[in-house]
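Reading through the structure tokens given below for one structure.
Number of protein chains: 2
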Amino acid sequence: MAEYPSFAVTVDLVVLTVRADALHLLLVRRGVPPYEGCWALPGGFVGIDEDLPDAAVRELAEETGLPEPVGHLEQLGTYGRPDRDPRGRVVTVAWLALLPDLPTPVAGSDAASADWVPVSRLTPGQLAFDHDRIVADGLERARAKLEYTPLAAAFCPAEFTVAQLRAVYETVWGTRLDPRNFHRKVTGTPGFVEPVGRSTEGERGRPAQLFGRGPATLLHPPMLRPDR
Amino acid sequence: MAEYPSFAVTVDLVVLTVRADALHLLLVRRGVPPYEGCWALPGGFVGIDEDLPDAAVRELAEETGLPEPVGHLEQLGTYGRPDRDPRGRVVTVAWLALLPDLPTPVAGSDAASADWVPVSRLTPGQLAFDHDRIVADGLERARAKLEYTPLAAAFCPAEFTVAQLRAVYETVWGTRLDPRNFHRKVTGTPGFVEPVGRSTEGERGRPAQLFGRGPATLLHPPMLRPDR
DNA sequence: CCATTTTTTCGTCGCCACGACGATAAACAC
DNA sequence: GTGTTTATCGTCGTGGCGACGAAAAAATGG
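Protein sequences appear in the order of chains A and B.
Positions in the first sequence are counted from 1; adding 71 to them yields my numbering.
Positions in the second sequence are counted from 1; adding 71 to them yields my numbering.
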């Protein structure tokens with residue numbers, strides 16, 4: 072293999088969660104050059120005997136401190152502009168993770184400090200490398216996937232109410248949805264959610280039925296975004 | 072960069088076209104080990120100063136002999152199992168290309184011979200490396216994208232009839248569609264196709280109006296597959 | 001030339017999903 | 001008790017879609 076160009080390969084993670092009615096992105100502050108002190112996506116180099124999904128899962132566990140896999144993880148895309156890393160030729164495989172709001176602190180096992188940042192606070196040019204573009208692609212993917220998959224439930228805990236699920240859609244899409252029509256749609260789509268049999272207690276207003284994630288992987292028909 | 076694991080990076084192409092009412096895949100016969108004599112996806116190594124889309128475009132032009140970009144090309148996914156290439160650690164970025172049926176012979180500039188193979192003829196384990204899985208992912212992506220994008224037109228020449236477009240859907244999906252409802256849907260979706268002003272001549276039956284690709288990138292509402 | 005066939009294109013009808021609401025139920029706050 | 005908040009159930013009109021019928025415009029076969 073010595074006759075072929077040599078690359079370094081990394082994984083980078085676009086980790087999204089919904090907290091306090093705002094979409095948040097997990098970022099780390101770089102402790103070493105290049106882009107020292109800048110915000111960047113969590114990630115790292117792929118081991119020489121490591122599969123790509125394994126590397127993504129490992130990095131996610133390292134950054135969030137969660138050993139068990141929760142939420143959703145999928146490959147987003149691969150970025151390899153020759154000038155994207157001043158250290159040399161680095162190709163990165165980006166992954167998109169959708170997580171429920173974790174009470175766990177994100178205290179990094181890494182030296183770099185990690186933090187949740189509202190995506191509304193992101194300004195272009197703020198992130199290291201080409202991470203601006205990767206984040207933009209990840210947000211677009213997440214917004215699109217809510218339409219035709221039940222992945223919105225990945226932002227929720229194991230048991231959730233229809234209102235919580237609706238809040239996810241409203242937060243990710245930045246729109247308001249009619250509670251009555253949303254309720255009809257969610258409970259009427261086979262395999263989207265499954266009733267647990269219990270209800271919430273001690274909340275404001277009428278108690279709400281609790282649901283868990285259903286077996287469906289695709290929504291038929293899709294949950295259409297307003298306007299557009 | 073010497074402190075990090077070293078990878079080779081390749082691009083592999085899933086090139087699809089519709090000819091003779093069957094979905095065809097472009098394959099090459101390998102002339103060198105490993106998998107010598109086996110069918111494989113066209114592809115090759117990424118240059119040390121080459122961007123990933125450029126490498127994909129270059130390989131596509133080399134294999135099809137077409138200098139100008141026609142049809143559609145998008146990144147499909149990246150595959151990097153440690154044992155996927157016996158020569159060493161090779162990560163491949165797979166691309167999906169949808170092309171109109173080219174009268175151009177695919178006579179390779181490469182030593183390896185290239186050929187269009189009906190996807191119905193493909194049997195598991197027939198392809199080199201992990202190309203079976205890459206092809207499966209590409210087919211699934213293509214079938215799904217016909218639903219909510221106007222990409223079916225990428226399989227057609229610059230000017231085409233509604234019946235030609237319908238044949239693309241029927242071939243890729245393996246279903247039959249009602250010509251009247253399909254006509255209403257296609258001409259009624261804004262930006263999908265645009266009339267050229269001329270019609271076919273010398274064909275059987277009533278002459279059909281010719282259309283070109285419209286400016287839309289997403290279909291609203293989507294073209295739903297029957298059943299499912 | 002005329003009938004037949006083939007294919008395109010325009011309509012019609014019924015159903016169902018969805019948006020826009022109204023109304024009711026079930027908890028808590030006071 | 002009253003008022004507030006939230007969840008859940010209905011209703012009604014519109015629009016898209018599946019299942020057809022029918023007309024238009026050519027080639028084909030006598």
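Cβ coordinates follow ideal geometry from the N, Cα and C atoms, glycine included.
Using a cut-off of 7 Å between C-beta atoms, extract the partners of A:Tyr75 located in chain B.
Numbered from its first residue, the first sequence carries residue 75 of chain A at position 4. Residues of chain B with a Cβ closer than 7 Å to the Cβ of A:Tyr75 are, in chain order, Ala79, Phe116.
Quickly, what does DSSP pair A:Arg90 with across the bridge? List them, please.
If you number the first sequence from 1, residue 90 of chain A lands on position 19. Residue pairing by DSSP places A:Arg90 opposite A:Ala93 in a beta bridge.
Near B:Arg212, what residues of its chain come up, given a Cβ to Cβ distance below 7 Å and the 5 sequence neighbours on each side ignored?
Residue mapping note: residue 212 of chain B aligns to position 141 of the second sequence, counting from 1. Leaving aside the five residues that flank B:Arg212 on each side, the residues in its chain whose CB is nearer than 7 Å to its CB run, in chain order, Leu147, Leu167.
Are the Cβ atoms of A:Leu198 and A:Ala111 separated by less than 9 Å?
Indexing the first sequence from 1 puts residue 198 of chain A at position 127. Indexing the first sequence from 1 puts residue 111 of chain A at position 40. Judged by beta-carbon spacing, A:Ala111 lies within the 9 Å limit of A:Leu198, meaning their Cβ atoms are closer than that value.
Taking a contact to mean a Cβ-Cβ separation below 9 Å, would you say A:Val117 touches B:Phe78 in this structure?
The residue you call residue 117 of chain A lines up with position 46 of the first sequence. The residue you call residue 78 of chain B lines up with position 7 of the second sequence. The Cβ atoms of A:Val117 and B:Phe78 lie closer than 9 Å to each other.
Residues from the segment 135 to 162 of chain A in contact with chain B, defined by Cβ distance under 7 Å:
With the criterion set as a beta carbon lying under 7 Å from some beta carbon of chain B, the members of the segment 135 to 162 of chain A are Gln146, Gly148, Thr149, Gly151, Arg152, Pro153, Arg158, Gly159, Arg160, Val162, in sequence order.
Please classify B:Ser270: does DSSP put it in a helix, a strand, or coil?
On the second sequence, position 199 is the one that residue 270 of chain B refers to. Looking at B:Ser270 - three-state DSSP - the assignment turns out to be strand.
Can you give me the Cβ contacts of B:Leu290 inside the same chain, cut-off strictly under 7 Å, excluding the 5 residues immediately before and after it?
Sequence index remark: in the second sequence, residue 290 of chain B carries index 219 (1-based). Contacts found: Tyr219, Thr220, Pro221, Thr260, Phe263.
For a test of the three-state rule: what should DSSP assign to A:Ala224, helix, strand or coil?
In the first sequence, residue 224 of chain A corresponds to position 153, counting from 1. Assigned with DSSP and collapsed to three states, A:Ala224 falls in helix.
Of the residues A:Asp125, A:Pro266, A:Ala91, which one's Cα is nearest the Cα of A:Asp172?
The residue labelled residue 172 of chain A in the question sits at position 101 within the first sequence. With distances taken between Cα atoms, A:Asp172 lies closest to A:Ala91.
Can you give, in chain order, each stretch of the alpha helix (DSSP H) that sits fully within the segment 123 to 192 of chain B and has at least 4 residues?
For the segment 123 to 192 of chain B, whole alpha helix (DSSP H) runs of length 4 or above, ordered along the chain, are 123 to 135.
Considering only the alpha carbon of each residue, which of B:Pro292, B:Phe200, B:Arg275, B:Phe231 lies closest to B:Leu281?
As a working mapping, residue 281 of chain B is identified with position 210 in the second sequence. Here the closest residue by C-alpha is B:Phe231.
Would a check of beta-carbon distances place A:Tyr106 closer than 9 Å to chain B?
Here residue 106 of chain A refers to the residue found at position 35 of the first sequence. Not closer than 9 Å to any Cβ of chain B, the Cβ of A:Tyr106 fails to qualify, so no.
How big is the Cα-Cα spacing for B:Arg296 and B:Trp244?
Along the second sequence, read from residue 1 onward, the residue named residue 296 of chain B stands at position 225. Along the second sequence, read from residue 1 onward, the residue named residue 244 of chain B stands at position 173. Rounded to whole angstroms, the gap between the alpha carbons of B:Arg296 and B:Trp244 is 8 Å.
Cβ-based burial, B:Ile205 [other Cβ within 10 Å; buried from 16]
Working through the second sequence from its first residue, we reach residue 205 of chain B at position 134. Buried, by the Cβ-count rule.
For B:Ile119, go through chain A and note every residue whose CB falls closer than 7 Å to its CB, in chain order.
Taking the second sequence and counting its residues from 1, one reaches residue 119 of chain B at position 48. Contact of B:Ile119 with chain A by beta-carbon distance below 7 Å involves Pro76, Arg160.
Are B:Leu94 and B:Leu87 touching if we call contact CB-CB under 9 Å?
Taking the second sequence and counting its residues from 1, one reaches residue 94 of chain B at position 23. Taking the second sequence and counting its residues from 1, one reaches residue 87 of chain B at position 16. Yes, Cβ-Cβ distance for B:Leu94 and B:Leu87 is below 9 Å.
Quick check on A:Arg100: does DSSP put it in helix, strand or coil?
Working through the first sequence from its first residue, we reach residue 100 of chain A at position 29. Under the three-state reduction of DSSP, A:Arg100 is assigned to strand.
List the whole-angstrom C-beta distance separating A:Ala185 from A:Leu98, where the pair is believed to meet the contact cut-off of C-beta under 8 Å.
Translated into positions along the first sequence, residue 185 of chain A becomes position 114. Translated into positions along the first sequence, residue 98 of chain A becomes position 27. With 8 Å as the limit, A:Ala185 and A:Leu98 qualify as a contact, their Cβ atoms being about 7 Å apart.
What is the C-beta distance between A:Glu265 and A:Gly283, in whole angstroms, given that I count them as a contact (C-beta under 8 Å)?
Translated into positions along the first sequence, residue 265 of chain A becomes position 194. Translated into positions along the first sequence, residue 283 of chain A becomes position 212. At roughly 5 Å, the Cβ-Cβ gap stays under 8 Å, so A:Glu265 and A:Gly283 are in contact.
For chain B, find out if any of its Cβ atoms is closer than 9 Å to the Cβ of A:Val164; answer yes or no.
By one-based count along the first sequence, residue 164 of chain A stands at place 93. A:Val164 counts as touching chain B.
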